[in-house]
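Structure record follows, encoded as structure tokens.
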Amino acid sequence: MTGLAERKGRGRKISIVHIAQILLSESDAEHPLSQQQILAFLRERYGMEMDRKAVRRNLEALRGGGLPVVCREVERVIEGKPAPLSLDWYWDHDLTKEDMKALIDLLYFSHLPAAEVRQLAQKLKNLYMRPFDDGKAAVKNIPALNQLEPPDETLAVLAEAIENKKMIQFFYDHYEADGKRYHGKDIGGIDHVYRVSPYVVAASDGRYFLLGNIDEKDEITPFAVELLDSVSLLEEEVRPQKTIPGAEMGIRVSDFLSVLSRTYAGPSEKCRFEADWKLMTDIVTDFGKSAFIVSATQGQVLVEIEAPPVIIFAWALKNAPLVKVVAPAALVKSVREAAANLTRLYGGG
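Read in order, the letters of the sequence shown are residues 2 to 350 in my numbering.
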């Protein structure tokens with residue numbers, strides 16, 4: 002008898018675990034389960050037979066134990082006494098299916114590698130427990146051109162400084178014709194240390210920008226976070242925003258940063274252009290490791306990039322007259338014709 006009682010006790014304990022597993026994997030607010038459906042899952046999935054009263058006791062125990070188990074209460078009266086009925090049981094997931102779909106949409110709109118997007122999307126769907134179709138089986142995102150990424154330590158220091166309203170100091174870097182990264186210099190040729198009151202870190206299209214006030218200046222200055230180096234926290238308090246012209250009512254990111262994104266179509270080709278060395282930082286931040294420095298002089302670099310020619314066309318016009326496209330021939334012709342049309346449009350000789 003003792004052995005039979007022990008087996009029954011273990012059965013009761015494991016049944017509540019199985020009921021929790023069923024609610025986790027098979028229910029949500031849109032798909033609640035009746036006690037009869039839970040009984041069917043217990044029978045089919047675990048070979049367990051129970052009566053409805055036992056299922057109800059387990060459900061009440063889960064809810065009473067603080068787990069996110071929810072039901073719909075129906076008021077009723079039997080023989081003059083209240084006898085509420087509990088129906089439509091489900092697990093109240095932290096993330097709804099709509100939340101999951103929104104997060105998966107963000108992944109597909111990102112510029113992460115396609116394989117990584119698929120893996121992360123599947124992990125998100127697995128977190129939700131209850132299987133669902135995100136409708137993205139035929140969707141592919143467009144990866145970025147290997148842009149630079151700021152180190153996590155830099156973002157962590159910026160977050161701490163902004164939260165605690167402390168100033169920071171750092172070097173602000175740029176790239177030169179040899180393709181290497183250098184600190185900015187002051188008038189005396191010494192590495193310039195920026196002392197800045199940080200206010201906002203803005204994220205856009207795979208890049209982060211710090212908006213802050215340079216010590217002893219009366220303006221908000223944007224900094225590309227991937228170009229910050231040796232960022233450290235200072236003891237001094239930040240300058241109050243209300244004392245800075247244009248930021249008295251707070252900082253609205255759109256007043257200082259604007260994004261105009263466009264998707265370019267066409268197959269990639271090897272494109273070459275000559276550029277003033279002053280554009281090296283733009284070349285690295287815009288194209289990252291996709292840009293290959295073929296040769297360099299003190300004032301000019303020859304760059305090769307495998308990309309759709311239309312991208313290089315737009316980039317060259319944006320940075321004219323500091324860029325000259327030299328290959329492929331069809332791209333050179335397109336840029337030459339565009340330059341001639343601009344000359345005629347603006348009345349040039």
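Yeah, the Cβ is synthetic: ideal placement off N, Cα and C, and Gly gets one too.
The shortest CA-to-CA distance from D29 to any of D256, G65, H94 and D230 is the one to H94.
The Cβ atoms of A225 and T286 lie closer than 8 Å to each other. Contact fails between the stretch 243–252 and the stretch 177–193, because fewer than three Cβ pairs, one in each stretch, are under 8 Å apart. The criterion of a C-beta distance shorter than 8 Å is satisfied by I20 and I39. P199: member of the beta strand (DSSP E) spanning V194 to S205, first to last residue. As the crow flies, the alpha-carbon of I79 is around 52 Å from that of L121. In this structure F171 is in contact with V232, their Cβ atoms being roughly 4 Å apart against a cut-off of 8 Å. Proximity to Y173 across K290, E227 and A340 peaks at E227, based on C-alpha coordinates. Taking a 10 Å sphere around the C-beta of V197, we find 16 or more other C-beta atoms and assign the residue as buried. If you draw a 10 Å sphere on the C-beta of P310, you find 16 or more other C-beta atoms in it, and that means buried.
Contact annotation, Y91 with V71: C-beta distance approximately 6 Å; criterion of less than 8 Å satisfied.
The three-state reading of DSSP puts S231 in strand, counting E and B together. Note on geometry: alpha-carbon atoms of D187 and M101 lie some 49 Å from one another. Judged by DSSP in its simplified three-state form, M281 adopts helix. Annotated three-state conformation of Q120 is helix, per DSSP. In this chain, L159 is not harboured by any beta strand (DSSP E); it is covered by the alpha helix (DSSP H) spanning D153 to N165.
Taking all protein chains shown into account, I312 has 16 or more neighbouring C-beta atoms within 10 Å of its C-beta and is therefore buried. Each of L332, D230, A41 and S296 was checked against the Cα of M281, and the nearest Cα belongs to S296. For D89, same chain residues with a beta-carbon under 8 Å away, outside a window of 5 residues either side, are P33, L34, S35, C72 and R73 in chain order.
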